[in-house]
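As you go down the protein sequences, you meet chains A and B in turn.
Using the working numbering, the first residue of the first sequence is number 42, and each one after it goes up by one.
Using the working numbering, the first residue of the second sequence is number 20, and each one after it goes up by one.
We treat Cβ as the ideally placed atom computed from N, Cα and C, and that holds for glycine.
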Amino acid sequence: MLIALADTVSFSWDVFADIQMLLHYHFMQNAYLAATLVALVAGVIGYFMVLRDQSFAGHSLANVGFAGATGAALFGITPVVGLFLAGLLAAVGIQSLNLAARQNRQSDIAVGAVFTASLALGFLFIHLSTQEYAANVYNVLFGNVLGISDADVRVIVWSTLLLMAVLLFIARPLLFASIDPDVAAAHGVPVRVLSFGYLVLLALEVAVAVQVVGVLLIFALLVTPAAIAQYVTTRPAVSVLLAVALALLFTWVGLAVGYVTPYPVGFFITTFAFATYVLVRGGQFVWERTINRGGTIHRARTAMGGSV
Amino acid sequence: MHESSFSSLSTATPATLAPVIQVEDAAVDLAGRTIWREVRLAVQAGEFLAILGPNGAGKSTLLKAILGLIPLSAGKIIVLGQPARRGNAAIGYVPQRRHFESDVHIGGRSIVRLGLDGGNWGLPLPFLQPRKAREASMRVQEAIDLVGATAYADRPIGELSGGEQQRLLIAQALVTRPRILALDEPLDSLDLRNQQGVAGVIRQISRETGAAVLLVAHDVNPILAAVDRVVYIAHGQVAVGTPQEVITTETLSRLYNTPVEVLRASDGRIVVVGQAEEEVDSHAHRPR
């Protein structure tokens, strides 16, 4: 079957011809546009998610979207709206749990309980909805990037513009509040407002990203590129740019490979992200074990010199 | 005795020598409990003050009141001629705690930079304002030099030792060239050698920049050589003066309202014995 497919679409060494082939169909143009915009924001938002140690909360927020999407179908609301509303509710929940715990680190058990309850709710919604929709659940969970309509693209374009504008505006105070909430507060940064605002932005990004990678695989775009970037560099601006670049790379390559093979795009995006993560962490481990032995000696010397 | 020093300062000072911080009959209530009251204090530029006292006495509260983070229930606090307010760039603040988890993979230089413009909205565009960008990185380097952290300023902060992290956090507070430096237990959780190292750095900064330093500590000994005056808080009362004046059997017994004894070892170290020592050492459940 693969061979049969290779007759119709396959890559050549002519990059322009390849791009022309990839973007020949309208559905692929939509797919590339939507995935690019989603990955752009995911890289930035993901950087803060890793920094704030909120990857579990973010993952849960995405999963609450499952109840949002299925509920939207049941009650006849636009899926994106249903997803966003569910995400907002989850954001309120996570924020109040945070304040109740009076600490920066998440209360993982409570977040987990909320997210499981919402999955159960989504399960009920599917049971109550029509048979045709039940078949669609697959798309909510794993995304349907090749089935994005022009209307979807418009929603994604506008939300991306909004998200990027807000994120760039709050980037520095959010970075400060994420690293060091006490000092940030003393500098007049509204730490709590930012912390909730960040979750709202995340809810919006999840709502639009679900069509590309689905609620279960969204982790691959949000967390994995940012985690890799933070291993590689200690400079926040470089790290954000690298996270964005990686998210774009994974989606572009994932789409291309998904197009020429009969396998789903979400699988490739996630797998490329995971493989890169493993390579970087493994490489770092080897580097620290073998080549960088001198680092420990240097460290001991500066510690002594610095304390006199 | 602190009242005499206070009045002599305020009568003999024209505008140029006005105190950088003036606390007038201030009191703070938290959750219906009076933390301290009738606090009078005037801090001059370049002065190094240690805020001492047992746990829960309200040392950090005094610092936060000066920073405008906690409202007063009586009196007032004037900082550089204006009522204390939140987000005052003239105060560099290093709060209690704080060490970074080992997985925080952000360079020390970026952490210091946050102290300069981390609270600003929007993003700077270095290629549009190259001079501003150069100025900013110069200020950051200057603060890093002041605390002697140049050797490790570009390493991830999570991988640094407690003393190295503390120096960078002080640099973060220094980067705005503040006229007041407020440090909440900066020597806590450091070993003795690093305590003296960091205390020395703070003393030197105060001399070089003319900044007034307020340092909360629960052990006076590592900073004894560096401080000009101490503010001793216990049982809601406050005594201010030089260490020789305040850390005495008589003054502390009056503060604690119970007999305590202050012993001075031959090497100059001070040991407080009695009720006070018990309270200083017990980290929880202080009976009131």
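Below the 9 Å Cβ cutoff, chain A contributes no neighbours of residue 102 of chain B, its closest Cβ being approximately 15 Å away. When the Cα atoms are used, residue 139 of chain A and residue 189 of chain B turn out to be separated by approximately 28 Å.
In the structure shown, residue 250 of chain B adopts extended strand secondary structure according to DSSP, grouped into three states.
Scanning A/101, A/168, A/122 for the CA closest to the CA of residue 135 of chain A turns up A/101. For residue 217 of chain A, the closest Cβ of chain B is nearer than 8 Å. About 6 Å separates the Cβ atoms of residue 229 of chain A and residue 138 of chain B, confirming a contact at the 8 Å cut-off.
Residue pairing of residue 201 of chain B in beta bridges, as defined by DSSP: B/112, B/233. Straight across, the Cα-Cα distance linking residue 307 of chain A with residue 261 of chain A is about 9 Å. A distance below 8 Å separates the beta carbons of residue 225 of chain A and residue 217 of chain A.
Counting the other CB atoms within 10 Å of its CB gives residue 106 of chain A a total of 16 or more, which places it among the buried residues. Contact check for residue 210 of chain B and residue 235 of chain B: beta-carbon distance about 19 Å, past the 8 Å limit, so the pair fails to qualify.
Note: residue 126 of chain B is bridge-paired with B/175 in the DSSP secondary-structure output. Ranked by Cα distance from residue 260 of chain B, the first of B/52, B/46, B/60 is B/60. For residue 151 of chain B, no pairing in a beta bridge is given by DSSP. For residue 89 of chain A, the enclosing alpha helix (DSSP H) has its first and last residue at 67 to 92. Restricted to the stretch 49 to 118 of chain B, the beta strand (DSSP E) segments that are unbroken, complete and at least 3 residues in length are 52 to 62, 67 to 71, 93 to 98, 110 to 113, listed in chain order.
Annotated as proximal: residue 168 of chain B and residue 127 of chain B, with beta-carbon spacing under 8 Å.
Residue B/240 holds the alpha-carbon nearest to the alpha-carbon of residue 70 of chain B among B/240, B/280, B/281. According to DSSP, residue pairing for residue 239 of chain B in a beta bridge does not occur. Counting only runs of 4 or more residues that sit fully inside the stretch 253 to 309 of chain A, the alpha helix (DSSP H) segments are 260 to 273, 277 to 301, in chain order.
Listed in chain order, the positions of the stretch 61 to 81 of chain B with a beta carbon within less than 9 Å of a beta carbon of chain A would be empty, since no residue qualifies. In the DSSP assignment, residue 223 of chain B falls within the unbroken alpha helix (DSSP H) covering 211 to 228. Short of 6 Å from the beta carbon of residue 232 of chain A, and not among the five residues preceding or following it, lie these beta carbons of its own chain, in chain order: 218, 222, 225, 226.
Residue 161 of chain B sits in a helix when the DSSP states are folded into three classes. Of the candidates A/98, A/110, A/150, A/167, the residue whose Cα lies closest to the Cα of residue 133 of chain A is A/98. No residue range can be given for residue 170 of chain B, since it is assigned to no beta strand (DSSP E) and is classified by DSSP as neither H nor E. In the three-state DSSP reduction, residue 256 of chain B falls in the strand class (E or B). In the displayed model, residue 195 of chain A falls within a helix according to three-state DSSP. Cβ neighbours of residue 126 of chain A within its own chain (closer than 7 Å, five residues either side excluded): 109.
Of the residues B/129, B/141, B/171, B/222, the one whose Cα lies closest to the Cα of residue 155 of chain B is B/129. Nearest Cα to residue 94 of chain A within the set A/304, A/295, A/239: A/239.
Secondary structure of residue 137 of chain B (DSSP, three-state): coil. Within chain A, the residues 275 have their CB atoms less than 8 Å from the CB of residue 175 of chain B, given in chain order.
The stretch 70 to 88 of chain A and the stretch 264 to 284 of chain A touch, with three or more beta-carbon pairs separated by less than 8 Å. Within the same chain, and ignoring the five residues on either side of residue 52 of chain A in sequence, the residues whose Cβ sits closer than 7 Å to its Cβ are 59, 301. Close to residue 93 of chain A, with beta-carbon spacing below 8 Å, lies no residue of chain B; the smallest spacing is near 11 Å.
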